[in-house]
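A.B. asks:
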Amino acid sequence: MPHRFCAICGRNIKNDSPHFGMCLSCFLKEHPLFELPINFNFKVCFDCGSYSKKDNWIPIETDDIFFIIEHAIFRFLLKSYMKIEKIIFSIDYEENSFIYSSKDLLTSLDVKIKGELKEDKKIRYEQKVRINISYDFCINCLNLRGGKYYLSVLQLRVINEKYFDLIKQVLDSIQKFVEKLFERDKKQYISKIIDQKYGIDLLLSTNELLNHIISFLKPKYHFLLKRTKKLVGRDIQKGKNLFRLKALVKFLPFKKNDTIKIENDKFIVDSITKNKIVLRSEDNSKLVKNFSFFFNNKNFIKIIGGDYLSNDKEFDNNYLNDNFNSDVDELEKKSIDFKRIRKIDQTKKRATVDSVFDERTVFNLSKLLINGPLDKIEGIISAGKEANIYLAYDKDGREVAVKIYKIDSNTSKWMRNYIIGDPRFKKIPNNPSKIIFLWASKEFKNLKRAFKEGLSVPEPIHIKNNILIMEYIGFESIPAPKLKDIKKPKNPEGLLKQTFTFIKELYQKANLVHGDLSEFNILYHNQKPVFIDISQAVDTQHPKAEIYLVRDIKNVTKYFEKLGVEVTNQETFYYEIIK
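Each step along the sequence shown adds one to the number in numbering that gives the first Met the number 0, with nothing skipped, and position 204 is 203.
Printed below as a string of structure tokens:
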């Protein structure tokens, strides 16, 4: 065989060389076993250790950062090579390259990824890759920390207070069941438990969990089940509608062999099937009833030795009023009645996920929860075209309101009308997101200006892009009602005087005009008005300031005239303000 040498480096080629004209070293340079990027970036969740390359979080059952790094490298960098099953990989860490954050979190390091061909282990290759790790909360942990996220509601009800022990028993069994599910799947958890008059509401993280719990309860208890679903938004990325499932579970007020009385006839519960109850009368005749009969029948049903039972009305006025602090104005209590609670509940369902909680907003909220003033977000107070408002708690446990403006190009168009001409804003961006951020900043500045002058507005606390944190106006978890919801406020003459004083002092002291003042933007709290939604308020130097001022005066006058209050001449009041 003729003498061979490498065409690239000139060295002699051995007989076992993989190529006729190249030595092993040059061959591997020309034909590496694998090619990887120089830098590899990914995210790790603070709480659960899940990791993500983009927005798809991969759960992992360990908090060992080196195990997570290897798992991420094999999944994202080496997956295509692993499918071929021809290369054996190993990973070496260069400890002198480790960089840690101020919180002792590993943020950067160099690794050597080595590979050798299974068929011929002499053919080897290695490459250095810089690993960069950022830390964040995965969506699931963010929801857990915020305590606000739920996709389904399980309503557990009994027929009266006598059966509260049954609710407690059921709840204990459900909690144990869900804890076991959570150990296997971190997405399955109970977000919140809300006490109701004749039972509780469980806010659940997934629709799947709702079905699991119902399946778990069916063999153990007898109950009437009613399912409903409500459209709450749309997942734009997946092109799917988002529904919130609700299941109402009404437990039967008796068990097998109990004696009950329907009107004047006595019956013994002979058997209970899936959805029917077989009753035996005193003359041994059989009567079969559906579950719904015992909840919907208007005639009273009596369990021997118990109380008369009939249909109950949740959130009735007497119950609500008995549970409110006596210091709160009676008129405000009455306005927070069954209809208002139901309205708030419907508003929660209308709040869309895709219009408020985009990726950037979720990220900013996580920062406010970790390092900012917020401790947790409880739930939605109101949903509007411009923004949604949420009840939250600060680090000291105090209630605050979080206003999140929707990133909407249509909304940003009319906002420009109130920004253009305001001497405080010289440059106006064209980007809809930046206009929304500017708008939120505008409301924060307006609130700050008005609050500094001692005017009756919520105290501004913090601003971050489209997220505004301010003082919460209300009692416990129930927000103060708007003036429009008060049919006959006490001392309407005094309210008018306070409102006109606000308009005047806002103009003369804070140099602002509200621009959209009406009974819709005034809260009624402890018999006093609190003025909100002043994002559109303009400086008195704005070219349309006086037009907006006249509009505010007209709106307020129109409302109080409907209440029968004699209002001062509008023109006289206008000149009194601007003089």
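Ideal placement from N, C-alpha and C gives every residue a C-beta, glycine not left out.
Going by DSSP, what residue range makes up the beta strand (DSSP E) through methionine 469?
C.D. replies: For methionine 469, the uninterrupted beta strand (DSSP E) segment begins and ends at 466 to 470.
A.B. asks: Could you please give the first and the last residue of the uninterrupted beta strand (DSSP E) stretch that includes glutamate 125?
C.D. replies: 123 to 135
A.B. asks: Taking its Cβ as the centre, do 16 or more other Cβ atoms sit within 10 Å of cysteine 8, making it buried, or is it exposed?
C.D. replies: exposed
A.B. asks: Which residue from Ser100, Asp135 and Ile64 puts its Cα closest to that of isoleucine 369?
C.D. replies: Asp135
A.B. asks: Rank Ser51, Cys140, Ile132 and Ile12 by C-alpha distance to the C-alpha of asparagine 38 and give the top, closest one.
C.D. replies: For the set Ser51, Cys140, Ile132 and Ile12, the Cα lying nearest the Cα of asparagine 38 is the one of Ile132.
A.B. asks: State the DSSP-derived secondary structure class of glutamate 398, mapped to helix, strand or coil.
C.D. replies: strand
A.B. asks: Select from Glu207, Lys481 and Phe250 the residue whose C-alpha is nearest the C-alpha of glycine 198.
C.D. replies: Phe250
A.B. asks: With asparagine 387 and isoleucine 466 assumed to form a contact (beta carbons below 8 Å), what rounded beta-carbon distance in angstroms separates them?
C.D. replies: Taking C-beta atoms under 8 Å as the contact rule, asparagine 387 and isoleucine 466 fail to qualify, at a distance of about 11 Å.
A.B. asks: Tell whether a beta-carbon distance below 8 Å holds between valine 169 and tyrosine 220.
C.D. replies: yes
A.B. asks: By the three-class DSSP mapping on this structure, what secondary structure does proline 58 have?
C.D. replies: coil
A.B. asks: Which whole-angstrom value is the C-beta distance of phenylalanine 75 and methionine 81, which I expect to be below 8 Å?
C.D. replies: Rounded, the Cβ-Cβ distance is 11 Å, inconsistent with contact.
A.B. asks: I need the DSSP call for aspartate 184, collapsed to helix, strand or coil.
C.D. replies: coil
A.B. asks: Would you call isoleucine 546 buried or exposed, if buried means 16 or more other Cβ atoms sit within 10 Å of its Cβ?
C.D. replies: Exposed, by the Cβ-count rule.
A.B. asks: Would you kindly work out how many angstroms separate the C-alpha atoms of tyrosine 573 and glutamine 535, rounded to a whole number?
C.D. replies: Taking the straight line joining both Cα atoms gives about 20 Å.
A.B. asks: Please identify the residue among Asp532, Leu495, Ile576 and Lys402 whose C-alpha is closest to the C-alpha of lysine 561.
C.D. replies: Leu495
A.B. asks: Taking the beta strand (DSSP E) that leucine 153 belongs to, which residues open and close that run?
C.D. replies: 151 to 156
A.B. asks: Would you list the one or two residues that DSSP bridges to proline 459?
C.D. replies: Met469
A.B. asks: Here's the rule: buried if 16 or more other CB atoms are within 10 angstroms of the residue's CB, otherwise exposed. What is threonine 272?
C.D. replies: Residue burial is scored here from C-beta neighbours: threonine 272 has fewer than 16 other C-beta atoms within 10 angstroms and is therefore classed as exposed.
A.B. asks: Could you check what DSSP says for arginine 10 in three-state terms: helix, strand or coil?
C.D. replies: In the structure shown, arginine 10 adopts coil according to DSSP, grouped into three states.
A.B. asks: Nearest to cysteine 140 by CA position, among Cys22, Ile64 and Ser365, is which residue?
C.D. replies: Ser365
A.B. asks: In angstroms with no decimal places, state the Cα-to-Cα distance between glutamate 93 and methionine 21.
C.D. replies: CA-to-CA, the gap between glutamate 93 and methionine 21 works out to about 32 Å.
A.B. asks: List the endpoints of the continuous alpha helix (DSSP H) containing glycine 493.
C.D. replies: 491 to 507
A.B. asks: Any idea if arginine 183 is buried or exposed, counting beta-carbon neighbours within 10 angstroms, 16 or more meaning buried?
C.D. replies: exposed
A.B. asks: Using the Cβ count rule (16 or more neighbours within 10 Å means buried), how would you classify leucine 224?
C.D. replies: exposed
A.B. asks: Out of Met469, Ser291 and Ile86, which has the shortest C-alpha to C-alpha gap to proline 459?
C.D. replies: Met469
A.B. asks: Can you check whether the CB of histidine 541 is closer than 8 Å to the CB of aspartate 393?
C.D. replies: no
A.B. asks: Measure from the alpha carbon of threonine 258 to the alpha carbon of each residue in Ile276, Lys245 and Arg243, then state which is nearest.
C.D. replies: Ile276
A.B. asks: Roughly how many whole angstroms lie between the Cα atoms of lysine 229 and isoleucine 267?
C.D. replies: Going by the C-alpha atoms only, they are around 40 Å apart.
A.B. asks: Let's see if you can read the secondary structure: which residues bound the beta strand (DSSP E) around leucine 522?
C.D. replies: 521 to 524
A.B. asks: According to the neighbour-count rule (16 or more other Cβ atoms, all chains shown, within 10 Å of its Cβ), is aspartate 321 buried or exposed?
C.D. replies: Note that aspartate 321 scores a pLDDT of 37, beneath 50, so its modelled location is shaky and nothing firm can be said.
A.B. asks: Among Asp62, Ile403, Cys25 and Ile261, which one has its Cα closest to the Cα of arginine 123?
C.D. replies: Cys25
A.B. asks: For glutamate 69, which three-state DSSP category applies?
C.D. replies: helix
A.B. asks: List the endpoints of the continuous alpha helix (DSSP H) containing arginine 448.
C.D. replies: 431 to 451
A.B. asks: For leucine 105, which residues from the same chain have a beta carbon less than 8 Å from its beta carbon, with the 5 sequence-adjacent residues on both sides left out?
C.D. replies: By the criterion of a C-beta distance shorter than 8 Å, leucine 105 is surrounded in its chain by Ile64, Phe97, Ile98, Tyr99 and Ile132, once the five residues flanking it on both sides are discounted.
A.B. asks: In or out: isoleucine 533 buried (at least 16 other Cβ within 10 Å) or exposed?
C.D. replies: Only buried fits isoleucine 533, as 16 or more other CB atoms lie within 10 angstroms of its CB.
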